[in-house]
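Worksheet: the structure to be examined is printed underneath.
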Amino acid sequence: MSAPENIWSNQSALVTYYTDHDIPMRPQPGFLVLSIIVSILGSYATLLLLGRRTSNRGLRNFGFLAVSAICFAAVAVWGMHFVSMISVRLDPSPNLSWAIMFSPGMTVLSLFVPLVATVCAFWFLGDDPSYVADKDDSWKAALTPRNLLESWRVLAGGIFLGLTIGLMHYSASFQLPNFNVSYTAVTVVFALVLACIAAIAALALFFRARQQWQESFWKRGICSLFLAAAVCGMHYLGLGGTSYRTRQDVQPEALASNGQNSRLIIAISVMCAVIILISILLAIADLRTRIQMKAKAKNIVLASVTFDEYGKILVKPDGTIPMQIMQTDTNTEGLSALLDPQLASFQWLYQLSFCWRLAVVPFVPRIVDHKAQGSFRSGFIEAAVRLAHSLDLSVDSIGILFDRVLNTGTKVFDEQEQAEKFVPMPTDDESSIHGITMKLGSSEGVMCFFARELGKGKPAAADMGTDYDATKEVDSVDYYLERGWRLAETRFFSKLLADYMGVSKAEMDVYLNACKTYAKRGSQPVVQEGGVYLGLFGVRPAGEGGLDVLVYNFARHQIPAYRLPDISMPLNTRSLAWLKSCHNVTLAQLLARCNEALNDDASSRLTAESAEQEIFYDFLAALCVSLESLIAAMRVWPTLPDQARLSPDVIELPTSDSDTKRPAQMLLLSVILPAPDHGLALVQTRASGIQVPQLDSTRRDWDKPPAPFVYSPWNLWSRAQTMILRGAVYRDIAQQFSNEVGKMYAPPVNDIAAEIAADKKPKGVNPFHGDEKVGSVVDLASVSYTPSRKRRPGTAIKGASDAIQKAAGMSADELDVEGEYAGVRDRADMWFLRVMQALAEADENRFLEYTDWESQCKMLPLD
0 MSAPENIWSN QSALVTYYTD HDIPMRPQPG FLVLSIIVSI LGSYATLLLL GRRTSNRGLR
60 NFGFLAVSAI CFAAVAVWGM HFVSMISVRL DPSPNLSWAI MFSPGMTVLS LFVPLVATVC
120 AFWFLGDDPS YVADKDDSWK AALTPRNLLE SWRVLAGGIF LGLTIGLMHY SASFQLPNFN
180 VSYTAVTVVF ALVLACIAAI AALALFFRAR QQWQESFWKR GICSLFLAAA VCGMHYLGLG
240 GTSYRTRQDV QPEALASNGQ NSRLIIAISV MCAVIILISI LLAIADLRTR IQMKAKAKNI
300 VLASVTFDEY GKILVKPDGT IPMQIMQTDT NTEGLSALLD PQLASFQWLY QLSFCWRLAV
360 VPFVPRIVDH KAQGSFRSGF IEAAVRLAHS LDLSVDSIGI LFDRVLNTGT KVFDEQEQAE
420 KFVPMPTDDE SSIHGITMKL GSSEGVMCFF ARELGKGKPA AADMGTDYDA TKEVDSVDYY
480 LERGWRLAET RFFSKLLADY MGVSKAEMDV YLNACKTYAK RGSQPVVQEG GVYLGLFGVR
540 PAGEGGLDVL VYNFARHQIP AYRLPDISMP LNTRSLAWLK SCHNVTLAQL LARCNEALND
600 DASSRLTAES AEQEIFYDFL AALCVSLESL IAAMRVWPTL PDQARLSPDV IELPTSDSDT
660 KRPAQMLLLS VILPAPDHGL ALVQTRASGI QVPQLDSTRR DWDKPPAPFV YSPWNLWSRA
720 QTMILRGAVY RDIAQQFSNE VGKMYAPPVN DIAAEIAADK KPKGVNPFHG DEKVGSVVDL
780 ASVSYTPSRK RRPGTAIKGA SDAIQKAAGM SADELDVEGE YAGVRDRADM WFLRVMQALA
840 EADENRFLEY TDWESQCKML PLD
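Counting from 0, one number per residue, gives the positions in the sequence shown under numbering that gives the first Met the number 0.
Here is the structure:
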């Protein structure tokens, strides 16, 4: 309400009049817009910094927590409030304006109180909520205890943040020197509710975007707009219900003073400048990371992909995965040719990754101290050691080399073209890695992956032979989060990594999902303990004298196998005798005999019944089910039932990496599948190596195995079998690797004192051959290779020397345990060669005549 016109020129009368009346307010549009910009800038910087925080623990995370809280409380809230209040003019008369002066003590308090409250709110939020990761975002998944807990944290944190904004707004107006302040209850309530709702929406959107790892300016900008809306909306809604009246005995001259406002503007300007500087520095750091990644995309890179129990990938603080460049004297183009999975050069690296502990760990101190001659193999070993130590892990914990490589720097399509050329991928574990086929551009580099699961690693100190705290966790989720690492969904993270490495998102999706499955089951037995299986050993001639093996896509070391329901090993004598009588019969004949035996057995059960007969009847029934399932799965080859033949032996296979679990038994059918039509382009590329059943091509049906099966090169598959079985041949390969690595990194010639000291150490049992002693890494490298020598059964990791035990982080007791089923591995060793030999001998049509499978097998160190 305006004062009477007759007192407009009398300031003392105006002061007296507005003691009992509300002073008219007039905001200045320029400052009003500026206050909103300040709030958006502070909110954006807050989210930028908060997004780099990964846990409530760790000095780095505490630093980001403090700086993000300062950005929000000091700039987005406090700075916005005072810029807005500076814009407010109290007009007691048309020709006079009064400025709002604030109490210095309350001004400082209004900054630090919400600062502490903001720290508490952000700490309560912790790291990023997991949210539902599935594409369908099902309510069932959303209502899991984990997701419900995270939702409540966002809800509670948003409410706390909204109330903090209100606390700052109203605390700044306490005890104004010149004015009394009053508020409308309705506007106060609505202002606080608006602040809470907008804060919850901003945090939910932000954490959702961060979970998806979409590092884009506009998405973070949208979240900052919501957060700024919480601040500005609450402020201006609350200001609309605020009224000011002059205090009694206030001097009119004090109401016109504007010095404090100038100081506030300077302080806020400095804070905004600091925020802009922080944002620029972070942008420069991101740009530097992008430039470094682009440079790596033009080299041969070893990358570590680590997954937690939920399938999330471990990501470094800079938004990348751990990588190391292979440094060799060979040019990139030459190295790329050597990394074809079908070549022996790649397969040497692949086999070595199964033998880290035996062949590389004892020599790590030498590998770290000096570089070898820059050869292809030494470059791989050195890069793998550097990669493991960058994770603070032993090289033995870096994981197994993924059996495919990714060509980098190949993106040649724009986004619209990519969308047209790639097939959407299913979401389930086993079908999500059906590959894609694309037209690759010129490759600038190659990326090799080491896939592993989180939580199974040993510290890097184990490689150096030094003492370390075995109880300290160095490979846990909390350990990495404290260091600023994070866990991200592969389908969201793949876009960022694909942009860095110069490949399409679809191709990167294939690789990351394939690596996730590979880490879980791609390098260990997948048959279940005590099970009995019907397997199909299917091979086909490939180009240039090669041979392909039919395998599962999600475990490319495993041939198609169907478990006999409700049947456990070992098979009884009658079942084994019946199978022997069916030797070399076709699949169709076997099914017919099985049905005939079932009918005969059913008739005999009416007159006499025994436990053995009941077991035999169950076996026949289960075998029929498995045979029919196999025929249905392989219906793309209508003649297969008349061509696949039963092998005479029932083989035993290990079911775990230890010898304490019961093995599985497998009945084998072997068959030669039709050769591919070489006049047509294969839909299986070297890049993905994965079949695409959905792709519409002109290839004939027999060129496309049904999902989830694919073809794997015979030489690569046979090596995978050998390494996973970990039998006698595995020990021979590990011995050869140890000898070769020992020669690469031989001790200095003049280091006689070190050799004498090492020779005096207590001798332990050679892990390769039980009748030899070895006390130092020098002794291990010099052991002569005699594959025909008698071996102890088991996993061959027994009683290693003190040096090896220390490097591997295991005690002698752990290494010297011989499981109940220790002999299974040696008996199963090379089973596929025996089956292949029989298949070749029975090849009347000479389909295998021009294949080179025998010479390819000779690349293995067979007895």
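We put the CB at the ideal spot given by N, CA and C, even for glycine.
Helix, strand or coil for residue i? Go by DSSP, reduced to three states.
i      : result
Asp466 : coil
Glu651 : strand
Ala811 : For Ala811, the pLDDT reaches just 35, beneath the cut-off of 50, and the residue's location in the model is therefore unreliable, although a value from the coordinates is still provided. Correct three-state label for Ala811: helix.
Ile85  : helix
Pro559 : coil
Arg845 : coil
Ile865 : As shown, the chain starts at 0 and ends at 862. That puts residue 865 outside it, with no answer to give.
Ala780 : Any reading at Ala780 must be qualified, since the residue scores a pLDDT of 29, below 50, and its modelled position is unreliable; the value itself is stated next. It is helical.
Arg51  : coil
Pro242 : Per the sequence shown, the amino acid found at residue 242 is Ser instead of Pro. Three-state result, Ser242: strand.
Leu175 : coil
Leu533 : strand
Asn583 : coil
Val38  : Checking the sequence, you will find Ser at residue 38 rather than Val. Helix.
Gln836 : helix
Glu472 : coil
Gln588 : helix
Leu342 : coil
Tyr744 : coil
Pro637 : coil
State the Cα-Cα distance for the pair residue i and residue j, rounded to the nearest angstrom.
i      : j      : result
Phe553 : Tyr510 : 12 Å
Leu13  : Ala201 : 45 Å
Val118 : Val32  : 28 Å
Lys297 : Ala336 : 14 Å
Ala228 : Ile99  : 24 Å
Leu286 : Phe63  : 20 Å
Arg490 : Lys311 : 10 Å
Ser737 : Gly521 : 24 Å
Ala120 : Ala203 : 14 Å
Leu622 : Val473 : 48 Å
Gln291 : Gln174 : 55 Å
Between residue i and residue j, which are expected to be in contact by the criterion C-beta below 8 Å, what is the C-beta distance as a whole number of angstroms?
i      : j      : result
Ile320 : Gln523 : About 22 Å separates the two Cβ atoms, so there is no contact after all.
Phe306 : Leu453 : 6 Å
Leu629 : Leu535 : 6 Å
Leu89  : Met24  : 6 Å
Leu301 : Met322 : 7 Å
Leu619 : Leu586 : Going by Cβ atoms, the distance from Leu619 to Leu586 rounds to 15 Å, so no, they are not a contact pair.
Ile324 : Ala382 : 7 Å
Pro26  : Val82  : Not confirmed; about 11 Å, so no contact.
Leu386 : Ile399 : No, Leu386 and Ile399 are not in contact; Cβ-Cβ is about 13 Å, not under 8 Å.
Phe401 : Phe448 : 4 Å
With a 10 Å radius around its C-beta and 16 neighbouring C-beta atoms as the bar for buried, classify residue i as buried or exposed.
i      : result
Lys515 : buried
Lys742 : exposed
Arg573 : exposed
Pro653 : buried
Asp328 : exposed
Trp830 : buried
Leu866 : Residue 866 falls outside the range modelled here, since the chain spans only 0 to 862, and no answer is possible.
Lys504 : buried
Ala745 : exposed
Glu651 : buried
Asn177 : buried
The stretch 37-54 in contact with the stretch 481-490 per 3-pair CB rule at 8 Å: Segments in contact, yes.
Inter-stretch contact at 8 Å, needing at least 3 Cβ pairs: the stretch 532-542 / the stretch 833-851: Touching, yes, given that three or more Cβ pairs across the two stretches are closer than 8 Å.
Stretch-stretch touch, CB-based, cutoff 8 Å, three pairs: the stretch 30-48 with the stretch 65-80: Output reads yes: the stretch 65-80 touches the stretch 30-48.
Contact the stretch 569-582 vs the stretch 610-617: 3+ CB pairs below 8 Å: For the pair of segments examined, the stretch 569-582 was found to touch the stretch 610-617: the number of CB pairs separated by less than 8 Å reaches three.
Touching by the beta-carbon criterion (3+ pairs, under 8 Å), the stretch 96-114 and the stretch 187-202: Segments in contact, no.
Cβ contact check for the stretch 452-467 and the stretch 389-396: 3 or more pairs under 8 Å: Flag = yes, the stretch 452-467 and the stretch 389-396 touch.
Segment contact, 8 Å Cβ cut-off, at least three pairs: the stretch 544-559 with the stretch 634-643: No: fewer than three Cβ pairs fall under 8 Å.
Three-pair Cβ contact test at 8 Å for the stretch 176-183 versus the stretch 232-243: Contact holds: three or more Cβ-Cβ distances are below 8 Å.
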